[in-house]
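In the working numbering, the protein residues as written are 2 to 180. Working notes, beginning with the structure itself.
As structure tokens, then:
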């Protein structure tokens, strides 16, 4: 398909590193450039209350300069198990903990230029507690919504977060919700 001619990391930060690869296509010998955002991956957690409400957060997303409504999620620490990350994000962002967390599936968020892989989990049997938000998350709002309310917000394009919409599909596939 192609061969790698050269690869260089131009930036390495806290969240990602930026790499540029020069490639050559084997069949045509044409050269190309691939810009890649190397990301450690993350975990998404879908909290469901005993009353059947889904817990989302509304938070300001700096790159978009806008608030998004989404399921709690976070970046994996180095060599971290995605389940540990999901549990941490559940408590950190919502204050809930759970003794019943199940794996739903995984998604690549932007495979054309980014390596980010998100593992999606569902949390049931929620226990209330105190959240432990990071800087930048202090103004985060917790929303407990019914499935019909969430679907309406998606229709109205008030929920446009891909991991949240994908997580709903996994819930449907696993028979946890019906719509």
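Ideal Cβ positions, reconstructed from N, Cα and C, are used throughout, including at glycine.
| query | result |
| --- | --- |
| Residue closest to residue 38, alpha-carbon to alpha-carbon, out of 16, 126, 45 and 30 | 16 |
| Run of the beta strand (DSSP E) containing residue 98, from where it starts to where it stops | 98-109 |
| Continuous beta strand (DSSP E) stretch holding residue 4: start and end | 3-13 |
| Rounded straight-line distance, which links the Cα of residue 144 to that of residue 48 | 11 angstroms |
| Expected contact under 8 angstroms - CB spacing of residue 117 and residue 43 to nearest Å | 7 angstroms |
| Terminal residues of the alpha helix (DSSP H) in which residue 55 lies | Segment 55-62 is the beta strand (DSSP E) holding residue 55; no alpha helix (DSSP H) there. |
| Straight-line gap, residue 80 to residue 100 (C-alpha atoms, nearest Å) | 23 angstroms |
| Within 8 angstroms, strictly: CB atoms of residue 83 and residue 120 | yes |
| Pair within 8 angstroms by beta-carbon distance, residue 124 and residue 77 | no |
| Alpha-carbon spacing of residue 172 relative to residue 151, whole angstroms | 13 angstroms |
| Inter-stretch contact at 8 angstroms, needing at least 3 Cβ pairs: the stretch 58-73 / the stretch 157-168 | yes |
| Distance between beta carbons of residue 36 and residue 3, contact taken as under 8 angstroms | Rounded, the Cβ-Cβ distance is 15 angstroms, inconsistent with contact. |
| Residue 57 versus 86, 146, 97 and 63, residue with shortest Cα-Cα distance | 146 |
| Whole-angstrom distance between residue 32 and residue 1, CA atom to CA atom | Here the chain comprises residues numbered 2 to 180, so residue 1 is not present and cannot be evaluated. |
| As assigned by DSSP and simplified to three states, the class of residue 170 | helix |
| Rounded separation between residue 18 and residue 7 - CA only | 16 angstroms |
| Cut-off 8 angstroms between Cβ atoms - residues of its own chain near residue 104, not counting five sequence neighbours on either side | 84, 120, 121 and 122 |
| CB-CB length for residue 50 against residue 148, believed under 8 angstroms | Wrong, their Cβ atoms sit about 12 angstroms apart, outside the cutoff. |
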